[in-house]
Each structure stands twice: as structure tokens, then as C-alpha cells.
Amino acid sequence: MMADRSRYVAFTRLGNRLKPVPLLLIGLIVSGCSMFVPDYHRPTVPIASKWSSPLETANKTAMPVSGPWWQDFSSSELNGLMKAGLMENYSLQAAYQRIEESRGTAELDGAPRYPTLALGGLYTRQNNFSTTSKTSVNGQASYETDFWGKNQDKYHSAQQLATAAEYDAETVKMTLAANIANTYFQLLSLDERILLAQKISGDEQHILDLVQTQANLGAGSNLEVEQQRNVLQTYQATVFSLQQQRNQTRFALAVLVGQSPESFNIVSKNLNHITDPAPQLSFPANLLRRRPDIQAAEARLISTNYDVGAARASFLPDIVVTPLAGINTLAGTSVWSLIGTLTQPIFSGGSLSGQLHFDKAHSQEMAANYKQTLLTAFQDVETQISAVNQFTQADKLNAEAVVSAQEANRLALVQYKLGSIDYQTLLTVERTLYQSEDSSLQVKLQRLQASVGLFRALGGDYVTPSSSPQTNSKVG
């Protein structure tokens with residue numbers, strides 16, 4: 042009972058003596074605010090009111106915005122690959138972990154805004170003619186009053202870098218989706234080209250038999266036979282070359298979707314089931330909110346704005362408050378102290394001015410980087426619009442060229458059998474047919490990949506939330 046009474050008395054006395062302390066601490070703690078951060082103004086570059094040319098939508102399907110952009114290609118297999126890639130791709134997983142790293146850094150940079158607390162205790166028991174126990178408890182805190190907002194600025198800077206990491210992950214996601222679609226379409230196109238090369242090889246074998254018969258009858262020469270044999274072997278070699286390209290593409294697609302290459306394959310064998318969608322163009326100014334790489338560049342710029350504020354505040358004195366309190370239960374006594382330390386930098390060898398110089402230059406660098414990112418984004422969209430338009434027209438002309446080449450080849454075979462044309466003329470017509478058909482398949486792939494590129498250049502499905510701090514005209 043006596044020991045409990047002693048503890049009560051000690052704590053009561055300590056409380057009475059520390060009554061003035063909270064008032065002092067409150068006055069110091071509430072002082073933290075950003076006082077030296079420059080007003081933020083988003084850098085501007087000339088933005089046209091519309092794109093340089095409209096999008097060619099002939100032979101394209103206008104799709105409503107109702108889901109991820111890749112669903113507009115109407116391929117269930119592609120949708121499945123996208124789902125697997127966005128869940129299993131290791132590069133995307135690494136990007137997500139970089140977000141957590143940046144958030145951890147922000148927590149570290151934000152820690153100085155709060156006091157540090159330490160608690161210590163001692164218990165002793167002695168037997169010297171009589172048994173006595175002694176308990177002492179002491180607590181110590183240290184707090185740097187953020188009067189000039191330096192620590193707050195550093196925290197906000199780190200927060201913006203964490204936000205930039207989030208936008209970076211969105212950029213990785215957007216690029217990954219485009220790569221999966223492009224690689225999938227390339228794989229289907231290679232299957233079509235392999236099938237075409239095999240068909241042409243079969244046709245060339247038939248012509249070789251025909252030329253051999255003509256030579257046996259004296260209507261042709263052995264030179265023509267060997268020339269045709271060379272043509273056949275060339276197309277047969279093309280099949281193997283295309284199959285190797287297919288294997289490389291298949292392995293690349295497997296890695297993109299996070300699967301082992303050796304057991305990976307697809308079901309579809311051509312591009313016939315793929316819908317060619319028409320991406321919806323918005324005004325160029327809307328690109329600022331649709332591209333995560335632009336948002337990341339601005340977040341990094343805003344971060345440097347806070348760095349400048351922190352560097353300016355570093356020239357001013359630091360105020361550190363260190364309260365200490367303790368009790369001794371045996372004697373029923375208490376002790377406390379409150380120490381305030383003010384440190385004014387006088388000479389730092391140029392480190393403070395050097396840091397401010399660096400942060401200002403870094404801010405200007407990030408402003409230039411932001412403008413460059415904007416211009417590159419506009420260039421990207423214009424390039425992809427041009428590609429879609431050009432390959433759409435080329436696809437139409439190639440389809441017409443294939444029809445003409447097929448008819449010319451049919452007539453040439455008939456005339457060669459009748460002896461109306463020589464072998465060289467027939468050979469030229471055959472090569473033209475194969476080149477037209479193979480070129481048509483490649484242009485069809487390029488047209489689809491241009492559509493993918495335009496979806497990506499427009500930002501995919503990403504839209505910056507309206508509450509994002511990047512939409513404000515001033516930060517600080």
C-alpha cells in the first residue's frame with residue numbers, strides 16, 4: 042500500500058509541474074506549413090485545336106467505349122491473353138513494387154514531422170537488513186518544430202514521386218497491353234504467311250512437273266526445268282524461315298503473358314476473325330489527362346517545386362524541443378525538464394546554396410522534360426493517325442492487286458500450256474502473284490498494329506481522376 046501511495050504522489054506532482062509544457066508544445070507543433078514553395082504553374086506548349094488529319098474509318102468498325110480497348114478487336118483469345126498478361130507479367134509486377142518503394146520513401150521523409158519518443162525504466166531490489174525495492178521510470182522526446190515547413194515540403198516532394206511511380210506503372214501496363222496485341226497479331230499473320238508459302242510451294246511443284254513434261258516432249262529445255270526447281274526450293278526455304286520467325290514470336294508472346302515459352306501456343310491461325318476498330322479521337326488538349334506518362338512527368342515537376350521550398354527553408358534556424366520526465370517511486374520524487382534548441386546555419390561551405398542551386402536547376406529540367414513529353418505524345422498520336430490512314434488505303438489497294446495478280450496468273454498458265462508465252466513470262470507472273478499476296482498479308486498486319494498504336498498513343502483506357510492534384514493550376 043505504501044509503495045502504491047508513493048507512486049500516486051509522484052505522478053501527481055509530476056503532472057502539476059508539467060502543466061505549462063503542452064501549451065508550449067502546441068504553439069511550436071502547429072507552426073509547420075509550406076512557406077517557401079514557389080507557386081506552381083503548369084508549363085504550356087502550343088496545342089492545336091484538332092489533329093492535322095481526320096481518321097480514315099473506311100472498312101473499320103466504330104466501337105462504343107464500353108470496356109478495355111483491346112475488346113474492340115472482338116477476339117476472345119486476345120482478351121484471355123490480356124487478362125493473363127496483366128496478372129502475370131513480371132515487368133508489370135516490378136512496376137507495382139516500385140510504387141510501394143516510393144510510398145515507403147515518402148513515409149521515411151514524412152517521419153521528421155513527428156516527435157520521437159523513448160521510454161526507459163529501472164527496477165532494483167536490495168536486502169540490507171531489510172528488503173527494499175526501487176523503481177524509476179523516465180521518458181524523453183525530441184521534436185524538430187517544422188516552423189518553416191521544411192520537413193513538410195520534403196514529405197510532399199516524396200509523395201509526388203510516389204504518385205509518379207503510380208503513373209509509371211500505368212504506362213508500363215499500357216505499353217504491355219499494346220505489345221501483347223501487336224505480338225498476337227504478328228503471330229497470326231505469320232501463320233497466314235506460312236500457309237501461303239506452303240500453298241505457293243505446292244503450286245510451284247505442279248509447275249515443275251509441267252515444265253518437266255514440256256522438256257521431255259521437246260517443247261522446253263532442261264534450263265527451264267532447273268530454273269523452276271530453284272524457284273520451288275526457294276519457296277520451300279521460305280516456309281522454314283517463316284516458321285522460325287513464328288517460334289520467336291510465340292516465345293516472345295509467352296513471356297509477355299508470364300508463361301513458359303516451351304509449352305505456350307495459341308489456337309487461332311489467321312486474322313480473319315479480328316475486327317478492325319476505329320479508335321475515337323478526342324481533342325488534342327484532352328491528351329494531357331489521358332496519358333499517364335504526361336501525368337508522371339508533371340508529378341516529378343511538382344516534386345521539384347517542393348524541393349526548392351525545402352532548400353530555401355534550410356537557410357533558416359531549426360528549433361528542437363526536448364522534454365524529459367521521470368519518477369522515482371522509492372523517494373516519491375519526480376524530475377522533468379524542457380530544453381529548446383535553436384540552431385542557425387552560419388557557414389556551411391556552400392552546401393545549402395549548392396542544394397538550392399541544384400533544386401532550382403532540377404525544377405527547370407523537369408519543366409523541360411514535361412514539355413518534351415507533351416510534344417512527344419502529340420507526335421505519337423499524329424504518327425499513328427497517319428499510319429492508320431496510310432495502311433488502310435494500302436490494304437485496299439493490295440486487295441485489288443491480289444485479284445489482278447490471280448487473274449494474270451490464271452491466264453499465264455493457260456497460255457503457257459498452249460505455247461503462247463515462254464517460261465520466263467510465266468515465272469514473272471508467278472512471282473508477282475506471290476509478292477502481291479504476301480504483301481497483302483503484311484499490310485493487313487500493319488493496319489491492325491497501327492490501330493493498336495493509336496489506342497496506345499491516345500492513352501488506352503486511362504483517364505486521370507478529376508481529383509488528381511495534377512489538375513490544379515497551383516500546388517504549394
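Residues in the sequence shown are numbered from 42 upward in steps of one, following my numbering.
For glycine and all other residues, C-beta sits at the position ideal for the given N, C-alpha and C.
Applying the criterion that 16 or more other CB atoms from any shown protein chain within 10 Å of the CB defines a buried residue, is residue i buried or exposed?
| i | result |
| --- | --- |
| residue 88 | exposed |
| residue 215 | buried |
| residue 320 | buried |
| residue 386 | exposed |
| residue 128 | exposed |
| residue 500 | buried |
| residue 63 | Low local confidence applies: a pLDDT of 48 at residue 63 is under 50, so the model's placement there is unreliable, and no value is given. |
| residue 117 | exposed |
| residue 343 | buried |
| residue 521 | For residue 521 there is no data in the structure shown, the boundaries of the chain being 42 and 517. |
| residue 138 | exposed |
| residue 492 | buried |
| residue 409 | exposed |
| residue 191 | buried |
| residue 195 | buried |
| residue 149 | exposed |
| residue 113 | buried |
| residue 210 | buried |
| residue 80 | exposed |
| residue 78 | buried |
| residue 95 | exposed |
| residue 269 | buried |
| residue 324 | exposed |
| residue 496 | buried |
| residue 85 | exposed |
| residue 213 | buried |
| residue 433 | buried |
| residue 339 | buried |
| residue 425 | buried |
Would you report the Cα separation of residue i and residue j, rounded to the nearest angstrom?
| i | j | result |
| --- | --- | --- |
| residue 375 | residue 153 | 29 angstroms |
| residue 231 | residue 281 | 12 angstroms |
| residue 249 | residue 447 | 19 angstroms |
| residue 318 | residue 227 | 17 angstroms |
| residue 423 | residue 93 | 7 angstroms |
| residue 133 | residue 476 | 40 angstroms |
| residue 345 | residue 119 | 41 angstroms |
| residue 219 | residue 436 | 21 angstroms |
| residue 224 | residue 208 | 24 angstroms |
| residue 155 | residue 301 | 49 angstroms |
| residue 201 | residue 151 | 12 angstroms |
| residue 451 | residue 439 | 18 angstroms |
| residue 474 | residue 456 | 16 angstroms |
| residue 284 | residue 235 | 7 angstroms |
| residue 160 | residue 199 | 30 angstroms |
| residue 498 | residue 355 | 42 angstroms |
| residue 390 | residue 352 | 15 angstroms |
| residue 442 | residue 221 | 31 angstroms |
| residue 262 | residue 483 | 36 angstroms |
| residue 266 | residue 251 | 9 angstroms |
| residue 412 | residue 299 | 35 angstroms |
| residue 502 | residue 123 | 14 angstroms |
| residue 91 | residue 303 | 47 angstroms |
| residue 363 | residue 377 | 11 angstroms |
| residue 229 | residue 271 | 28 angstroms |
Based on DSSP bridge pairs, tell me the residues matched to residue i.
| i | result |
| --- | --- |
| residue 181 | 159 and 365 |
| residue 359 | 384 |
| residue 377 | 366 |
| residue 186 | 360 |
With a cut-off of 7 angstroms, does the C-beta of residue i fall near any C-beta of chain B?
| i | result |
| --- | --- |
| residue 115 | Although the question refers to chain B, the structure presented lacks it and comprises just one protein chain. |
*Pairing CB atoms from the stretch 319 to 331 with CB atoms from the stretch 417 to 426, are three or more of them under 8 angstroms?*
yes
*How about the stretch 176 to 190 and the stretch 233 to 251: do they share at least three Cβ pairs that are nearer than 8 angstroms?*
no
*Specify whether the stretch 247 to 261 and the stretch 307 to 317 touch according to this definition: at least 3 beta carbon pairs, one from each stretch, less than 8 angstroms apart.*
no
*asked:* Does the stretch 284 to 294 come into contact with the stretch 450 to 464, if we say contact requires no fewer than three beta-carbon pairs (one atom in each stretch) closer than 8 angstroms?
replied: no
*Is there contact here, the stretch 427 to 441 with the stretch 477 to 493, by at least three beta-carbon pairs under 8 angstroms?*
yes
_Contact between the stretch 133 to 142 and the stretch 333 to 346 (3+ Cβ pairs under 8 angstroms)_ = no
*asked:* Is it the case that the stretch 354 to 362 contacts the stretch 182 to 190, given that we only count it when at least three CB pairs across the two stretches are under 8 angstroms?
replied: yes
*At which residue ranges does the stretch 202 to 237 contain complete alpha helix (DSSP H) runs of 4 or more residues, listed in the order of the chain?*
none
*Within the stretch 457 to 513, note down every full alpha helix (DSSP H) run reaching 4 residues or more, in order along the chain.*
464 to 498
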